[in-house]
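Asks: Okay, so the sequence shown: first residue is 144 according to our numbering, each after it adds one.
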Amino acid sequence: MIEKGVMRVKFVFLILHYKNDDVTKQCIESLIQCFGTLQMEIIVVDNASDNGSYEKLLQCYGNASYIHFLHNRKNLGYAAGNNVGFQYAKKVLKADWICLANNDVIFQDKKWIDKVRGLYQNTPYYVLGPDIVTPQGQHQNPFREHVASNASVLKNWLHDIVVYLALKLKLQQKINQDVKPQKELQKETWKQADLDFHGVLHGSCLLFSPDYVKSFDGLYGGTFLYCEEEILCYILEKVGYRYVYCSDVQVLHNHSTSFKRSVQNEIERKKIIVKNRIQSYYKFLKITRYQGDIREFLKERGE
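See the structure below:
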């Protein structure tokens with residue numbers, strides 16, 4: 144872990160890095176070009192990359208006082224990996240705002256910070272999801288129109304168990320039909336900001352306001368990969384904490400291929416994906432059946 148001199152920080156961008164330093168550099172450079180180095184700071188959390196990419200980032204940015212590098216000794220997954228950075232932003236940097244961004248996200252709007260703050264002043268929220276656009280022009284946010292129910296989570300869990308068995312037995316036709324996750328919402332129907340949103344935000348870029356940062360220590364850390372944003376929005380919806388989709392702020396999502404590069408065998412890659420989804424849906428199922436205060440799950444940071 145590299146720690147810099149601590150100063151009062153209002154806005155922190157948190158990037159989870161894994162093996163692809165070129166992609167992470169593009170994200171960092173976009174933040175610097177958009178916002179400069181005075182109104183924000185950056186945290187890069189390396190999730191146990193073993194290919195020298197973390198060291199390359201240190202060589203490039205290690206002396207930058209506004210970039211903080213944290214290194215996980217093992218791959219903690221998406222939620223727990225991000226929570227390491229979230230804790231550092233909240234407790235060490237004293238951040239008011241924390242933006243979780245995939246390392247393949249590019250920021251292009253210099254008014255981005257001003258816009259999200261202005262919206263918060265008029266309509267306070269806990270979490271904001273921006274318009275997330277791919278290079279092909281697809282709008283990925285919102286991710287789903289409604290939060291999951293106990294029945295839908297159970298259905299998805301059982302579905303993936305069948306798919307995993309098919310992968311183990313190499314039933315190629317069944318694999319090709321069913322390995323893809325549940326279809327995303329058709330984005331053509333979502334063109335305007337929705338301040339009364341009750342669906343699921345896309346997890347590649349999530350902004351946490353001062354209300355959220357004061358109340359919680361990150362994401363639910365019980366999953367390794369998948370369902371993080373679905374669990375987050377489910378809990379916020381159930382306890383009545385406002386989260387919003389805002390089309391006025393936008394990011395570009397470039398779809399990194401880091402995972403494909405690290406696991407090149409297609410069948411093995413699919414098995415890893417589906418196995419992780421099974422585990423995540425099982426954890427999600429427990430949350431949907433929980434009878435106590437489900438806000439406690441957002442205080443479970445993971446390993």
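By construction, the Cβ of each residue, glycine as well, lies at the ideal position given by its N, Cα and C atoms.
None of the values given here were measured: they were computed from a predicted structure.
#1: So, helix, strand or coil for E288, using DSSP?
#2: Measure the CB-CB distance between K237 and C177 and report whether it falls below 9 Å.
#3: So, with DSSP's three-state summary, where would you put A232?
#4: Does T366 pass the burial test, meaning 16 or more other C-beta atoms within 10 Å, or should it be called exposed?
#5: Apart from the five residues just before and just after N215, which ones in its own chain have a Cβ nearer than 8 Å to its Cβ?
#6: L310 and V382 look like a contact to me (Cβ under 8 Å); what is the Cβ gap, rounded to whole Å?
#7: Measure the Cβ-Cβ separation of E184 and H211 and say whether it is below 9 Å.
#8: Measuring alpha carbon to alpha carbon, tell me which of T167, K442, I241, L174 ends up nearest S352.
#9: So Y269 packs on Y384, CB below 8 Å; how close in whole Å?
#10: Could you name the residues that DSSP lists as bridge partners for W240?
#11: Alpha carbon to alpha carbon, what distance is there between Y204 and H160?
#12: The beta strand (DSSP E) spanning L267 covers which residue range?
#13: Is Y209 close to the ligand FMN? I mean its beta-carbon at under 8 Å from any heavy atom of the ligand.
Replies: Once the coordinates are examined:
#1: coil
#2: no
#3: helix
#4: buried
#5: V188, D189, N190, A191, G224, V227
#6: Between V382 and L310 the Cβ distance is about 37 Å, and since that is not below 8 Å, they are no contact.
#7: yes
#8: I241
#9: 4 Å between Cβ atoms; contact.
#10: BP columns for W240 point to F154.
#11: 14 Å
#12: Before going on, a small fix: residue 267 reads as Pro here, not Leu. Unbroken run through P267: none, as it is neither H nor E.
#13: The model depicted lacks the ligand FMN and carries no ligand whatsoever.
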